[in-house]
Every structure is written in C-alpha cells, then in structure tokens.
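Participant:
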Amino acid sequence: MGQAPCTGAEVAVHPAPIAWGSSGHPSSGGSMTPPLTSSPSSLKRRGFLGIAGAAGAAGAGAVLLGAGAAPVASAAPAAPGNVPADPFRLGVASGDPLPDGVVLWTRLAPKPLDDDGGMPRRPVAVRWEIALDERFRKVVKRGVEHAVPAEAHTVHADVRGLRPHHEYYYRFRAGHAVSPVGRTRTAPAPGTSPTVDFAFASCANWEQGHFTAYRHMAGERPDVVFHLGDYLYEYAAGVNGDVRTHHGDEMNTLAEYRARHAQYKSDPDLRLLHATAPFVVTWDDHETDNNYADLSPENGDAGQGNDTTAHFAARRRAAYQAYWEHMPLRRLRKPVDTALPLYRRLEFGATATFSVLDTRQYRTNQPYGDKWQVSGPEQWDPKATILGDEQHAWLERSLSRSRSAWNVLPQQIYFANWDAVAGPDDGGYNDGWDGYRVSRDRVLGYVEERRIDNFVVLTGDVHNNWTNDLRRDFERPETRLLGSEFVTTSITSGGDGSATHDPGRVYWDENPHTKYYSSRRGYVRCSVSRDRYTADYRVVDYVTRPGAPVRTDKSFVIEAGVPGVRDA
Numbered sequence: 133m134g135q136a137p138c139t140g141a142e143v144a145v146h147p148a149p150i151a152w153g154s155s156g157h158p159s160s161g162g163s164m165t166p167p168l169t170s171s172p173s174s175l176k177r178r179g180f181l182g183i184a185g186a187a188g189a190a191g192a193g194a195v196l197l198g199a200g201a202a203p204v205a206s207a208a209p210a211a212p213g214n215v216p217a218d219p220f221r222l223g224v225a226s227g228d229p230l231p232d233g234v235v236l237w238t239r240l241a242p243k244p245l246d247d248d249g250g251m252p253r254r255p256v257a258v259r260w261e262i263a264l265d266e267r268f269r270k271v272v273k274r275g276v277e278h279a280v281p282a283e284a285h286t287v288h289a290d291v292r293g294l295r296p297h298h299e300y301y302y303r304f305r306a307g308h309a310v311s312p313v314g315r316t317r318t319a320p321a322p323g324t325s326p327t328v329d330f331a332f333a334s335c336a337n338w339e340q341g342h343f344t345a346y347r348h349m350a351g352e353r354p355d356v357v358f359h360l361g362d363y364l365y366e367y368a369a370g371v372n373g374d375v376r377t378h379h380g381d382e383m384n385t386l387a388e389y390r391a392r393h394a395q396y397k398s399d400p401d402l403r404l405l406h407a408t409a410p411f412v413v414t415w416d417d418h419e420t421d422n423n424y425a426d427l428s429p430e431n432g433d434a435g436q437g438n439d440t441t442a443h444f445a446a447r448r449r450a451a452y453q454a455y456w457e458h459m460p461l462r463r464l465r466k467p468v469d470t471a472l473p474l475y476r477r478l479e480f481g482a483t484a485t486f487s488v489l490d491t492r493q494y495r496t497n498q499p500y501g502d503k504w505q506v507s508g509p510e511q512w513d514p515k516a517t518i519l520g521d522e523q524h525a526w527l528e529r530s531l532s533r534s535r536s537a538w539n540v541l542p543q544q545i546y547f548a549n550w551d552a553v554a555g556p557d558d559g560g561y562n563d564g565w566d567g568y569r570v571s572r573d574r575v576l577g578y579v580e581e582r583r584i585d586n587f588v589v590l591t592g593d594v595h596n597n598w599t600n601d602l603r604r605d606f607e608r609p610e611t612r613l614l615g616s617e618f619v620t621t622s623i624t625s626g627g628d629g630s631a632t633h634d635p636g637r638v639y640w641d642e643n644p645h646t647k648y649y650s651s652r653r654g655y656v657r658c659s660v661s662r663d664r665y666t667a668d669y670r671v672v673d674y675v676t677r678p679g680a681p682v683r684t685d686k687s688f689v690i691e692a693g694v695p696g697v698r699d700a
C-alpha cells in the first residue's frame with residue numbers, strides 16, 4: 133500500500149478546560165468518572181459561564197463557512213428544536229495550532245455509547261465562535277460546520293486569521309445547546325523565540341486506573357500536549373483490569389471503535405485536559421490492534437477480524453476512521469480507504485521544530501515473530517522499515533529544512549538500544565527501533581552526517597520512564613553523542629507501578645547510554661528555550677484509586693550545542 137505524503141507545517145498551542153478559576157487556571161474536581169448511563173446533568177460543565185443556549189444568529193458580523201466544513205448531505209440540517217438535549221457530553225478540544233490558526237473539535241453525542249450517538253440521521257449545523265475573553269465579549273471569528281452522520285456528527289473547524297502566540301477562548305452551539313468553553317493558543321510566529329512549555333504522555337488504559345495525571349497536566353497549563361499513542365485500548369471488557377470496565381467486546385467494527393472513543397472521552401480528567409491545552413496526536417498500536425504492523429495483525433483470530441488481510445484491512449479502516457473523527461485533526465488528514473496521513477511537521481517559531489512520526493502504518497512485520505530479547509540478522513534486514521521510504525525521506529527533509537534551535541521527534545516506540553540480556557548477545561525489543569536497526573541507523577546517520585543540532589526524541593509505549601543518550605553505535609560509548617531520548621511512563625497502563633528506580637543490574641551494565649528509570653505513572657513536562665531544554669518527570673504514586681498528588685521524580689537539562697543530558 134502506498135503512503136499518502138504529508139506536507140505543510142502545522143503547529144500547536146492552548147485550548148481550554150471545563151471550569152476556569154478566577155486565576156485563569158482550571159478548577160479542581162474529583163476524578164471519578166460519571167457513568168455514561170447516568171442522567172445528562174451528571175456530565176454538565178461546572179463553573180463556566182451560565183450561557184443560555186439561544187439558537188438565533190450568533191451576533192453581528194458575517195457568519196463564515198469553516199474552512200474544513202464537511203460535505204452536506206442532501207437532507208437539510210436539523211432545525212434547532214430537533215437537536216437532542218445535551219449533545220456536548222464528550223466536551224471540546226483543539227489541536228495542531230499554526231501561527232494563524234487552530235483546529236476546533238467537538239462531537240454531538242447525547243447518548244455516546246449508542247451506535248448513532250443518540251443523534252438523528254441527518255446533518256446538524258454547528259456554530260462555533262472564538263474570542264479574546266472567556267465571556268465572549270470580544271468575539272474575533274465565527275463560523276458554521278455541518279456535523280454529518282457519516283462522521284459521527286464530529287466537527288473539525290479549521291480556524292484561520294488569528295494572531296500568533298495568542299490565547300483565545302472558543303465554544304460551539306447546536307440547536308439550543310451550548311458547549312463548554314475551551315481555551316486555545318496559537319503558535320509563535322516564524323523567527324520569534326519564546327520559551328515553549330509542553331507536556332507529553334502515552335498509554336492510558338481505562339481498566340487499569342484513573343486518569344488523574346491528565347488533571348495534573350491541565351493544572352500545568354502547557355502550551356501544547358503531545359499524545360504519543362495508546363490513547364485508548366482495544367480489549368474487551370474485563371480482559372485488562374478491574375479498576376474500571378471497558379464497554380463491549382474487543383473493537384472490530386466502526387460502531388465499536390466509536391463507542392470506545394466515546395467511553396474514554398467521558399472521563400472528566402481527559403476532557404479537562406483537552407479543553408485546557410491543544411493536543412498534537414499520533415497513534416501507536418492499541419488504537420487499532422496490539423502490535424500490528426501495516427496490514428499484519430497481532431494474531432489470526434477471526435473473532436477479532438484478524439483472520440485474513442481483507443478482514444484486517446476492514447478493521448484498520450474502521451479504527452482509522454474513528455480515530456480521525458475523535459481527534460482534533462484537520463480535514464486534510466481524513467482517512468482515504470485504509471490510509472490516514474498522520475506524520476507532520478509543527479514549528480514553534482525559531483525555538484523548536486517537531487517532526488511527528490507514525491511508526492505503525494508503514495512498517496514491515498517485526499523480526500523474530502515479535503519475540504522479546506531475541507536478536508540477530510533479521511534486525512539488520514535492509515528491506516525492513518519502520519517508517520516506510522516516503523516518511524523516511526520526508527523526515528530527512530524536515531530535519532534539513534529546520535531553522536529552529538531544537539529538532540524534536542515526537543514518536544511512539546523505544547528508540548535507543550534496549551539490551552536486556554547479559555553478555556555479548558544483544559537482546560533487543562523487536563517491536564521498537566531495535567527490530568529495525570537499518571531504519572534507526574539511517575536516522576542517526578543523517579543526524580550525524582548533516583550535523584543536525586540539538587536532536588531530541590520523545591517516546592511512549594513501554595509504561596516506564598527512561599532517559600537515554602543517543603549514539604549511532606550504542607556498543608561504543610566513546611563515540612560521538614548525537615542527542616537524547618526522553619521516554620514517558622504510562623498514564624495508567626500497568627497499574628500503580630512501583631517505587632523502584634532500578635531496572636536491574638543487567639540494564640545498567642548493558643546500556644551505558646541509559647541515565648534514568650522509574651516505574652511510576654505520570655507524564656513528562658518540558659520547557660524549551662533557544663539555549664536550554666529542561667525535562668521534568670512528573671509522577672503519581674497510584675492510579676488504582678483517584679486523587680493521587682503529583683510530584684517531580686527527576687529533572688534533566690540539555691544545553692544547546694552540548695549533546696547529552698545532565699541532572700538539573
């Protein structure tokens with residue numbers, strides 16, 4: 133299958149929460165998730181403006197059709213009185229901001245777990261507005277999108293004409309209903325060098341814990357959140373944990389993937405974070421199927437839609453469609469058949485360029501049957517690829533064209549060498565870059581030969597915190613340092629974790645490039661200026677019950693022009 137090329141620079145900064153305190157910070161609240169079977173009032177926004185849902189004209193000024201408006205079906209949009217009550221139960225979000233714009237997202241779903249979300253089988257006109265203040269006294273843009281059944285009545289409004297590096301508030305109206313207010317912020321202008329504050333996270337398993345870390349991330353008020361995959365898990369109810377229970381069987385159909393996305397977005401901590409800061413998203417495997425590679429599923433289970441390539445292609449098509457529907461992504465990223473062009477470049481002025489990767493959609497199958505701690509010549513197969521040729525060439529162009537101080541790769545899987553076997557054998561992690569060593573060598577070789585400065589990789593997937601320095605040859609610690617990798621732990625996956633900072637003597641002996649390990653849950657907070665990159669590992673001590681406090685477990689600094697981490 134060919135790749136759809138991704139071009140263009142997209143950038144990210146702030147959206148808003150479900151309740152803002154007088155300080156401008158999101159107000160705190162409990163982490164218990166109201167069940168989707170409860171009355172609509174159990175999910176109402178708290179502490180926001182008491183906006184009456186008048187459905188008339190949205191005030192003075194032209195009402196513009198959103199740049200990303202969906203094609204309108206032949207049926208007329210539902211009249212205001214025909215829009216079901218409380219359609220904004222899944223909240224609001226923004227994402228992929230540019231210096232002059234941002235994507236605004238919502239989904240109309242008064243009954244989120246129903247196949248149709250509780251919506252009529254016709255388009256619905258959804259008005260959006262964006263303002264300089266949370267009371268919407270200074271509205272600067274308005275528009276209309278048509279939410280259609282074929283897209284689960286989602287909205288992806290691509291708003292342009294905004295000011296760089298500026299905070300805005302936004303909301304939606306459908307019929308007589310008004311959404312929660314969100315807050316967003318555009319990216320810095322080209323050539324400017326403000327400090328960029330962001331956080332990144334991955335691996336949130338509903339059944340294994342509460343999303344308390346998301347609430348703490350919202351309290352940080354980052355400029356942007358990078359979510360590096362495993363935003364949700366595909367497993368059937370009761371398979372993966374007992375803290376909370378998934379709805380339904382293992383996902384296979386479009387309706388099942390939509391319902392699982394809806395269940396995850398019913399979590400108040402996740403909704404709060406989406407409304408507080410814009411997301412830049414990329415997926416890993418569990419949004420579709422554990423450890424899949426291109427059109428190769430994890431297993432041949434017919435009940436999961438994995439028994440033939442055609443059946444898995446249908447499953448992947450459903451997963452990709454539901455993912456696009458439920459993320460704040462531009463319409464240009466809407467899936468075509470089984471392909472969704474997700475890799476992209478985001479520029480934050482002259483401070484940082486982020487080249488967001490997709491290591492699932494285009495990869496060849498894992499070597500050695502995806503076995504752990506097995507190494508050999510299959511890992512060096514020159515025909516094996518983790519990015520695909522087109523994405524790899526795109527990455528090299530992105531790195532070579534960058535004029536930013538920092539060159540950052542937000543991506544999914546463990547990048548550094550991960551040798552878990554004592555002695556001369558190199559026991560690798562074959563679902564990670566260890567399984568695709570020619571691909572990794574090509575990336576690091578390009579960084580070395582083109583002298584790409586201040587190279588940083590951001591990683592999720594493995595449910596623990598790690599920090600690694602990067603060399604082209606990990607077996608020779610005397611060789612030149614090329615950059616560093618920050619690996620975030622999970623939000624909940626793996627349960628509470630433990631207090632240990634020791635992965636075992638073999639890891640320290642076999643991986644001298646590894647500088648830190650922790651198995652608690654949490655996220656990584658980063659602050660980046662032209663001169664310095666600071667990373668704080670923020671952890672919570674438990675997720676199996678709500679309300680855990682957050683603390684900084686470890687901090688690292690990289691000085692511009694001096695590769696390698698040091699203690700802050």
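Quick note on this note's numbering: the sequence shown kicks off at 133 and runs consecutively.
Glycine residues also receive a C-beta, built at the ideal position from the N, C-alpha and C atoms.
Measuring CB to CB, does L236 end up less than 7 Å from A289?
Facilitator: Contact flag set, yes.
Participant: Label G577 either buried or exposed according to how many other C-beta atoms from any shown protein chain fall within 10 Å of its C-beta, with 16 as the threshold for buried.
Facilitator: Exposed, since its Cβ has fewer than 16 Cβ neighbours within 10 Å.
Participant: Given a cut-off of 7 Å on the beta-carbon distance, is the pair L222 and A306 in contact?
Facilitator: No, the Cβ-Cβ distance between L222 and A306 is not below 7 Å.
Participant: Is S630 buried or exposed, if buried means 16 or more other CB atoms sit within 10 Å of its CB?
Facilitator: By the neighbour-count rule (16 or more Cβ atoms within 10 Å), S630 is not buried but exposed.
Participant: Is it the case that the Cβ atoms of G250 and W260 are separated by a distance below 7 Å?
Facilitator: No, the Cβ-Cβ distance between G250 and W260 is not below 7 Å.
Participant: List the endpoints of the continuous alpha helix (DSSP H) containing S530.
Facilitator: D521 to R533 is the extent of the alpha helix (DSSP H) around S530.
Participant: Candidates R267, F220 and N384: which alpha carbon is nearest H308's?
Facilitator: Looking at the Cα atoms, F220 is the closest of the given residues.
Participant: Are the beta-carbon atoms belonging to T621 and N643 less than 7 Å from one another?
Facilitator: No, the Cβ-Cβ distance between T621 and N643 is not below 7 Å.
Participant: DSSP on W512, reduced to helix/strand/coil?
Facilitator: Reduced to three states, the DSSP call for W512 is helix.
Participant: What residue does the alpha helix (DSSP H) around G351 start on, and which one ends it?
Facilitator: Counting along the chain, the alpha helix (DSSP H) containing G351 begins and ends at T344 to E352.
Participant: Helix, strand or coil, according to DSSP, for H285 in the structure here?
Facilitator: Here H285 sits in coil by DSSP.
Participant: Identify, in the order they occur along the chain, each residue of the same chain with its Cβ nearer than 6 Å to the Cβ of A484, setting aside the five sequence neighbours on each side.
Facilitator: Closer than 6 Å at Cβ, skipping near neighbours: V328, S536, W538, V540 and V660.
Participant: Identify, in the order they occur along the chain, each residue of the same chain with its Cβ nearer than 7 Å to the Cβ of G437, setting aside the five sequence neighbours on each side.
Facilitator: Cβ within range, chain order: N384, H443, F444, A446 and R447.
Participant: Span of the alpha helix (DSSP H) holding S630?
Facilitator: Unbroken run through S630: none, as it is neither H nor E.
Participant: So, is R492 buried or exposed, given that buried needs 16 or more other C-beta atoms within 10 angstroms?
Facilitator: Classification for R492: buried.
Participant: Got a sec, what are the start and stop residues for the beta strand (DSSP E) G227 sits in?
Facilitator: Residues V224 to L230.
Participant: Are the C-beta of T684 and some C-beta of chain D separated by less than 7 Å?
Facilitator: Judged by its chain identifiers, the structure shown contains no chain D, having just a single protein chain.
Participant: Let's test the definition: count the other Cβ atoms within 10 Å of the Cβ of V694 and tell me whether it reaches 16, buried, or not, exposed.
Facilitator: With fewer than 16 other Cβ atoms within 10 Å, it is exposed.
Participant: Apart from the five residues on each side of it in sequence, which residues of its chain come closer than 6 Å, Cβ to Cβ, to V258?
Facilitator: So the qualifying residues of the chain are E277, A279, V287, F304 and A306.
Participant: Determine the direct distance from the alpha carbon of N600 to that of T646, and round the result to whole angstroms.
Facilitator: Spanning the two alpha carbons is a distance of roughly 4 Å.
Participant: Could you pull out every residue in the same chain whose Cβ sits closer than 6 Å to the Cβ of L294, ignoring the five residues on either side in sequence?
Facilitator: For L294, where only same-chain residues beyond five positions count, the Cβ hits under 6 Å are D232, G233 and T318.
Participant: Under 6 Å Cβ to Cβ from P242, same chain only, skipping five residues before and after it: list those, please.
Facilitator: Same-chain partners within the cutoff: P216, D218, P219 and G250.
Participant: Alpha carbon to alpha carbon, what distance is there between F618 and F688?
Facilitator: Roughly 10 Å between the two C-alpha positions.
Participant: Indicate the three-state DSSP secondary structure (helix, strand or coil) for T377 in the structure shown.
Facilitator: Three-state DSSP puts T377 in coil, outside helix and strand.
Participant: So, is S650 buried or exposed, given that buried needs 16 or more other C-beta atoms within 10 angstroms?
Facilitator: Result: buried.
Participant: Assess, as a yes-or-no matter, whether the segment 329-342 is touched by the segment 655-675 under the definition of 3 or more beta carbon pairs within less than 8 Å.
Facilitator: Result yes; three or more Cβ-Cβ pairs closer than 8 Å.
Participant: Mind pulling the beta strand (DSSP E) runs of 3 or more residues that sit fully within the segment 294-344?
Facilitator: Whole beta strand (DSSP E) segments, 3+ residues: 299-306, 314-317 and 328-333.
Participant: My understanding is that L360 touches G592, with C-beta atoms under 8 Å, so please give their C-beta distance in whole angstroms.
Facilitator: Right, their Cβ atoms sit about 4 Å apart.
Participant: What first and last residue would you give for the beta strand (DSSP E) that runs through S651?
Facilitator: Unbroken run through S651: none, as it is neither H nor E.
Participant: If contacts are defined as beta-carbon pairs under 8 Å, then Y452 and L472 qualify, I think. What distance do you get, rounded to the angstrom?
Facilitator: Right, their Cβ atoms sit about 4 Å apart.
Participant: Can we say the segment 498-512 touches the segment 556-570, given the rule of at least three CB pairs closer than 8 Å?
Facilitator: Yes, the segment 498-512 touches the segment 556-570.
Participant: On the DSSP bridge assignment, give the partners of L590 in chain order.
Facilitator: Answer by DSSP bridge pairing, in chain order: P542 and F618.
Participant: Take I623 as the anchor and find which of A680, R353, P354 and A387 has the nearest alpha-carbon.
Facilitator: For the residues A680, R353, P354 and A387, the minimum Cα distance to I623 belongs to A680.
Participant: Between H298 and E339, is the Cβ-Cβ spacing less than 7 Å?
Facilitator: No, these two residues do not count as a Cβ contact at 7 Å.
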